[in-house]
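Those protein sequences? They're chains A and B, same order as listed. Number 163 in my numbering belongs to position 163 of the first sequence; there are no gaps in the numbering. Number 297 in my numbering belongs to position 102 of the second sequence; there are no gaps in the numbering. What follows is one structure encoded as structure tokens, with my remarks underneath.
There are 2 protein chains.
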Amino acid sequence: MEILERPTRKQQIEERATMLFKTKGYAASSMRDLAQILGIEAASLYSHIKSKEEILQKICFKMANAFFLAIEQVNETTPEQQLEAAIKVHFKMISENIDASAVFFNEWRHMSEPYLSEFLAMRTRYEQFFMEIIHQGIKQGQFRVIDEKFAMMTILSSINWTHQWYRPTGKMSMDEIGDHLSELLINGLIKTRNK
Amino acid sequence: MEILERPTRKQQIEERATMLFKTKGYAASSMRDLAQILGIEAASLYSHIKSKEEILQKICFKMANAFFLAIEQVNETTPEQQLEAAIKVHFKMISENIDASAVFFNEWRHMSEPYLSEFLAMRTRYEQFFMEIIHQGIKQGQFRVIDEKFAMMTILSSINWTHQWYRPTGKMSMDEIGDHLSELLINGLIKTRNK
DNA sequence: CCTACCGATCGGTAGG
DNA sequence: CCTACCGATCGGTAGG
Numbered sequence: 001m002e003i004l005e006r007p008t009r010k011q012q013i014e015e016r017a018t019m020l021f022k023t024k025g026y027a028a029s030s031m032r033d034l035a036q037i038l039g040i041e042a043a044s045l046y047s048h049i050k051s052k053e054e055i056l057q058k059i060c061f062k063m064a065n066a067f068f069l070a071i072e073q074v075n076e077t078t079p080e081q082q083l084e085a086a087i088k089v090h091f092k093m094i095s096e097n098i099d100a101s102a103v104f105f106n107e108w109r110h111m112s113e114p115y116l117s118e119f120l121a122m123r124t125r126y127e128q129f130f131m132e133i134i135h136q137g138i139k140q141g142q143f144r145v146i147d148e149k150f151a152m153m154t155i156l157s158s159i160n161w162t163h164q165w166y167r168p169t170g171k172m173s174m175d176e177i178g179d180h181l182s183e184l185l186i187n188g189l190i191k192t193r194n195k
Numbered sequence: 196m197e198i199l200e201r202p203t204r205k206q207q208i209e210e211r212a213t214m215l216f217k218t219k220g221y222a223a224s225s226m227r228d229l230a231q232i233l234g235i236e237a238a239s240l241y242s243h244i245k246s247k248e249e250i251l252q253k254i255c256f257k258m259a260n261a262f263f264l265a266i267e268q269v270n271e272t273t274p275e276q277q278l279e280a281a282i283k284v285h286f287k288m289i290s291e292n293i294d295a296s297a298v299f300f301n302e303w304r305h306m307s308e309p310y311l312s313e314f315l316a317m318r319t320r321y322e323q324f325f326m327e328i329i330h331q332g333i334k335q336g337q338f339r340v341i342d343e344k345f346a347m348m349t350i351l352s353s354i355n356w357t358h359q360w361y362r363p364t365g366k367m368s369m370d371e372i373g374d375h376l377s378e379l380l381i382n383g384l385i386k387t388r389n390k
């Protein structure tokens with residue numbers, strides 16, 4: 001039924017806030033800016049939300065959960081295949097949520113405690129997932145010996161930065177970028193290519 | 196003479212502002228925050244600077260110039276050697292200016308026109324430098340055929356993100372990270388490795 | 001969802 | 001470099 005698919009006012013607020021925070025940054029975005037976009041008064045926002053920061057928390061944690069849900073479905077067997085799948089699925093989440101990703105990567109530090117600590121703990125756990133794959137790959141001799149945290153950071157930052165330049169209308173499709181990302185990054189890690 | 200080496204008040208303001216902007220973000224940093232760090236009143240800042248944004252402009256353009264100066268000294272002959280040198284020198288500039296780099300990468304959008312456009316034009320020119328190396332590498336058959344802008348973005352974002360986690364006190368030295376960065380990124384690009 | 005409004009804080013100036 | 005202060009804007013509340 002159509003009425004079920006129409007976004008609630010709260011969802012609209014969150015959606016527009018995501019775009020606003022991405023464009024101007026959280027601190028420089030005012031509740032009056034947001035209200036104007038929605039065509040209502042600033043005071044009216046507070047019938048639907050508790051505070052400005054609450055919106056930021058929703059955006060950041062929703063995105064964090066989406067990343068976890070996506071990566072938990074990686075079920076390949078070898079580290080190389082796992083890393084390839086993880087890279088692709090991580091990029092897929094970003095490309096399907098470009099605005100929320102930008103807020104997730106750039107505005108999280110404006111959260112107050114205890115949300116900030118919880119957020120950082122989740123991020124660390126997520127990074128551990130990638131590090132474990134790299135660790136196994138090195139242990140099994142598929143990847144060259146390299147500092148695991150360093151390799152993880154280098155790979156993740158390449159993917160994460162795509163939110164800055166990826167456009168659905170660009171000449172490369174989402175799948176192509178995912179393929180090229182994993183190829184470029186993994187083949188720089190594989191020890192025995194062309195052997 | 197000692198008096199020549201002592202930073203001017205203006206330099207002190209810029210230095211402390213760089214750290215403040217990095218930590219809190221430009222928009223969330225107030226002139227009263229900055230004044231307090233320096234132990235003076237907010238109004239007193241304006242004897243040395245024209246505006247809050249002027250400080251941001253100084254930081255961003257100084258860093259942009261530093262990047263250009265560094266990369267112009269790359270004088271290797273083959274694309275592979277050029278790319279390796281460019282990666283190392285780019286990372287070197289970041290690691291030697293971690294605070295300013297963070298502001299450069301995260302706060303530039305808070306500049307107003309015409310500074311914003313000029314800044315973005317400089318960034319594009321800088322990116323062209325990397326793209327040209329990649330272009331030559333593909334043309335000469337050293338690099339695999341790949342979208343040049345995509346490869347440039349992937350490489351630069353890996354290096355640029357180092358400002359988020361690189362610590363001079365970490366277990367990897369600056370030179371080691373530079374070496375590993377270029378190795379990880381380039382060997383993912385080279386077509387005929389181990390041939 | 002609105003009007004009316006709050007106290008706090010903002011970047012910046014005047015004048016010394 | 002300070003005191004004193006400006007108009008503007010901030011996130012948010014009361015009451016309907």
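Don't be surprised by glycine CBs; every beta carbon is placed ideally from N, CA and C.
Chain-ordered neighbours of residue i on chain A, where CB pairs are closer than 9 Å
i         : result
His375(B) : Ile146, Asp147, Phe150, Ala151, Thr154
Proximity to residue i [Cα-Cα], best of the options
i         : options                                    : result
Ser157(A) : Glu176(A), His90(A), Pro168(A), Pro114(A)  : His90(A)
Lys149(A) : Thr78(A), Lys139(A), Trp161(A), His135(A)  : His135(A)
Val103(A) : Met63(A), Glu84(A), Ala86(A), Leu83(A)     : Met63(A)
Ser246(B) : Met226(B), Leu264(B), Ile350(B)            : Met226(B)
Gly373(B) : Leu278(B), Thr218(B), Arg318(B), Ala346(B) : Leu278(B)
Phe68(A)  : Lys10(A), Gln128(A), Glu41(A)              : Gln128(A)
Ile354(B) : Lys366(B), Phe300(B), Pro309(B), Gly365(B) : Phe300(B)
Glu72(A)  : Tyr126(A), Ile155(A), Gly170(A)            : Tyr126(A)
Cβ neighbours of residue i in the same chain (closer than 7 Å, five flanking residues each side left out)
i         : result
Met306(B) : Glu248, Leu251, Gln252, Cys255, Phe314
Glu107(A) : Phe21, Gly25, Tyr26, Leu56
Gln140(A) : Pro79
Arg211(B) : Leu229, Ile232, Leu233
Ala28(A)  : none
Glu271(B) : Gln277, Ala280
Start-to-end residues for the alpha helix (DSSP H) that takes in residue i
i         : result
Gln231(B) : 226–233
Val103(A) : 98–106
Arg260(B) : Reading off the sequence shown, one finds Asn at residue 260(B), where the question assumed Arg. Segment 247–266, the alpha helix (DSSP H) holding Asn260(B).
Asp179(A) : 174–186
Thr169(A) : That residue, Thr169(A), is in no alpha helix (DSSP H); it is neither H nor E in DSSP.
Gly332(B) : 310–334
Thr23(A)  : 9–24
Ala28(A)  : It is not in any alpha helix (DSSP H) - Ala28(A) carries neither H nor E in the DSSP assignment.
Cβ neighbours of residue i in the same chain (closer than 8 Å, five flanking residues each side left out)
i         : result
Ile208(B) : Leu229, Leu233, Leu240, His243, Ile244, Ile250
Thr213(B) : Ile254, Asp294, Ala295, Val298
Arg109(A) : Leu116
Ile133(A) : Pro79, Gln82, Leu83, Ala86
Met196(B) : Interpretation of Met196(B) is limited by its pLDDT of 49, a score under 50 that renders its predicted location unreliable; no figure is taken from the coordinates.
Pro7(A)   : Glu15
Lys390(B) : A caution first: Lys390(B) carries a pLDDT of 37, below 50, which makes its placement in the model unreliable, though a value can still be read off. Contacts found: none.
Partner residues on chain A for residue i, Cβ-Cβ distance less than 7 Å
i         : result
Ala222(B) : Gly25, Ala27, Ala28
Ser352(B) : Ser157, Ser158, Trp161
Beta-carbon proximity check, residue i vs residue j, cutoff 8 Å
i         : j         : result
Glu74(A)  : Ala66(A)  : Rather than Glu, the amino acid found at residue 74(A) in this sequence is Val. Their beta carbons are not under 8 Å apart, which means Val74(A) does not touch Ala66(A) by this criterion.
Ser117(A) : Tyr166(A) : no
Trp161(A) : Met348(B) : yes
Ser173(A) : Lys88(A)  : no
Leu184(A) : Ala346(B) : yes
Ile146(A) : His358(B) : no
Gly137(A) : Phe143(A) : yes
Beta-carbon neighbours of residue i, restricted to chain B and to distances below 8 Å
i         : result
Ser51(A)  : Simply none; closest approach about 16 Å.
His110(A) : Gly220, Ala223
Proximal residues of chain A, C-beta to C-beta of residue i below 8 Å
i         : result
Glu367(B) : According to the sequence as given, residue 367(B) is Met; it is not Glu. Under the 8 Å cutoff, chain A gives Asp147, Phe150.
Asn301(B) : Asn106
Neighbourhood of residue i by C-beta, 6 Å cutoff - its chain only, sequence neighbours within 5 removed
i         : result
Ala70(A)  : Val89, Met93
Arg9(A)   : His48
Glu113(A) : none
Ile155(A) : Leu185
Contact list for residue i against chain B, beta-carbon separation under 9 Å
i         : result
Asn75(A)  : In chain order: nothing, as chain B lies at least about 25 Å away.
Leu184(A) : Arg339, Ile341, Phe345, Ala346, Thr349, Ile350, Leu380, Gly383, Leu384
Residues that residue i contacts on chain B, provided the C-beta gap is smaller than 7 Å
i        : result
Asn65(A) : Going along chain B, no residue has its Cβ under 7 Å from Asn65(A), so there is no contact; the nearest lies around 22 Å.
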